[in-house]
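Enquirer: Below is a structure I'd like to ask you about.
Numbering (my numbering), first residue to last: 4 to 330.
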């Protein structure tokens, strides 16, 4: 099968199309013919060697929508021909190839109202945002939630999940198009951080109380900003690894808590894996009810992935870049 592979750690130029063996499903697995697969920041981090040692060649791609062509022993809830979407395990080969193996527990039937390209944009960011906001931060109806980078991959899903949970949502953006997207998705307040001081505006919007929940999708200095924006007894949840000497004093004086979300942890450690398939099944219902949307900013071919990696690394991709492998 044709696959985009990482042959060594480095710049986007290390990505090479190779002919790789077509995998065979084992117990509890599905072999899926890939129709579309999205690109995420984690793909670029793995390519650069930031996710630990890997065996080369490695196939990235941790979002997929496609059709089941083989079912492994013990799988009872799926059959050949089913259209599914999922996020493959970060411990195995990904979906930037013609076929991918999936743990049946993490797959869900693709939403019927959307095509494979759109479906492929959902899994990883939806799982990340859902686990961060529902399982880690445990947001409650009526709370004020700050979503950093609300037009980004995880941010634009997190924004909608918070609104679906009847929260007041403040979000940040860096361009007119990003601001417009956040407004279209239902944000109550959109702060253009190029023109405004985020902390000052958040405090103004919350009568100096800060937010009940703050979701950091960026890291770096933005994380320190999140520590200032969270209110007393609030919760900060981060999806990127941060190192800051401000964490303990900032949280201690507010008796606030910090939570970290890595959606790959469940599959890598084989813990509560079934919940991810359940989350995607619930998301599919929301998508078909037109209550959860995604934004695909660009569709590319497999051979275009090196350039797409470079674009992803600019940090200014609104929504998702998706690789279309089959019509």
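In this text, a Cβ means the ideal position worked out from N, Cα and C, and glycines have one as well.
Would you grab the beta carbon distance between residue 283 and residue 89 for me? Rounded to a whole angstrom, and I think it's under 8 Å.
Expert: 7 Å
Enquirer: Keeping to the same chain, check which residues put their C-beta closer than 7 Å to that of residue 302; ignore five residues upstream and five downstream.
Expert: 120, 325 and 327
Enquirer: For residue 193 and residue 72, what's the separation of their Cα atoms in angstroms?
Expert: 44 Å
Enquirer: When the Cα of residue 21 is compared with those of 70, 62, 36 and 28, which residue comes out closest?
Expert: Across the set 70, 62, 36 and 28, the C-alpha of 62 shows the shortest separation from the C-alpha of residue 21.
Enquirer: Pairing CB atoms from the region 233-240 with CB atoms from the region 170-188, are three or more of them under 8 Å?
Expert: These segments do not touch.
Enquirer: Nearest by alpha-carbon distance to residue 321: which of 43, 261 and 211 is it?
Expert: 43
Enquirer: Run through DSSP, which three-state label would residue 174 get?
Expert: strand
Enquirer: Tell me, please, which residues DSSP counts as bridged to residue 301.
Expert: According to DSSP, residue 301 bridges with 324.
Enquirer: What are the start and end residues of the beta strand (DSSP E) that includes residue 250?
Expert: Not the beta strand (DSSP E): residue 250 falls in the alpha helix (DSSP H), residues 250-255.
Enquirer: With 9 Å as the threshold, decide whether the Cβ of residue 285 is near any Cβ in chain D.
Expert: Any reference to chain D falls outside this structure, which holds one protein chain only.
Enquirer: By DSSP's criteria, residue 219 is part of a beta bridge. Which residues make up the other side?
Expert: 241
Enquirer: What would DSSP say about residue 188, mapped onto helix, strand or coil?
Expert: coil
Enquirer: Between 219, 251, 242 and 269, which lies nearest to residue 148 when the distance is taken from Cα to Cα?
Expert: 219
Enquirer: Are the beta-carbon atoms of residue 98 and residue 64 separated by less than 9 Å?
Expert: yes
Enquirer: Helix, strand or coil for residue 46, going by three-state DSSP, please let me know.
Expert: helix
Enquirer: When burial is assigned at 16 or more other CB atoms within 10 Å of the CB, is residue 3 buried or exposed?
Expert: The structure shown does not extend to residue 3, since the chain spans only 4 to 330, so no value can be given for it.
Enquirer: Out of 105, 196, 222 and 109, which has the shortest C-alpha to C-alpha gap to residue 281?
Expert: Considering only alpha carbons, the answer is 109.
Enquirer: Use the C-beta contact count for residue 198: other C-beta atoms within 10 angstroms, 16 or more gives buried, fewer gives exposed.
Expert: exposed
Enquirer: In whole angstroms, what is the alpha-carbon distance linking residue 315 and residue 306?
Expert: It is roughly 15 Å from the alpha-carbon of residue 315 to the alpha-carbon of residue 306.
Enquirer: Should residue 104 go down as buried or exposed, given a rule of 16 or more other Cβ atoms within 10 Å for buried?
Expert: buried
Enquirer: Can you name, in chain order, every residue of its own chain whose Cβ lies under 7 Å from the Cβ of residue 143, other than the five neighbours on each side?
Expert: So no residue of the chain qualifies.
Enquirer: If residue 160 and residue 190 are in contact, beta carbons under 8 Å, what's the gap, nearest whole angstrom?
Expert: Actually they are not in contact, since the Cβ atoms of residue 160 and residue 190 sit about 13 Å apart, beyond 8 Å.
Enquirer: How big is the Cα-Cα spacing for residue 35 and residue 25?
Expert: 11 Å
Enquirer: For residue 279, which of helix, strand or coil comes out of DSSP?
Expert: helix
Enquirer: Could you round the C-beta distance between residue 31 and residue 78 to whole angstroms and report it? I think they count as a contact, below 8 Å.
Expert: 6 Å
Enquirer: Buried or exposed, going by whether 16 or more other CB atoms sit within 10 Å of the CB of residue 146?
Expert: buried
Enquirer: Please name the residue in 259, 251, 66 and 162 whose C-alpha comes closest to that of residue 267.
Expert: Of the candidates 259, 251, 66 and 162, the one whose C-alpha sits nearest the C-alpha of residue 267 is 66.
Enquirer: For residue 124, which residues in the same chain have their Cβ closer than 6 Å to its Cβ, ignoring the five residues on either side in sequence?
Expert: 41, 297, 299, 323 and 325
Enquirer: Throw me the rounded Cβ distance for the residue 230 and residue 250 pair, which I believe falls under 8 Å.
Expert: Their Cβ separation, rounded to whole angstroms, is 7 Å, which keeps residue 230 and residue 250 in contact under 8 Å.
Enquirer: Between residue 4 and residue 37, what straight-line distance do the alpha-carbon atoms span, to the nearest angstrom?
Expert: Taking the straight line joining both Cα atoms gives about 11 Å.
Enquirer: Does the distance from the CB of residue 18 to the CB of residue 309 come in under 9 Å?
Expert: yes
Enquirer: Can you pull the DSSP bridge partners for residue 214?
Expert: 233
Enquirer: Counting only runs that start and end within the region 17-84, where is the beta strand (DSSP E) found for 3 or more residues in a row?
Expert: 18-22, 32-42 and 67-74
Enquirer: Can you name the start and end residues of the beta strand (DSSP E) that residue 5 belongs to?
Expert: 5-9
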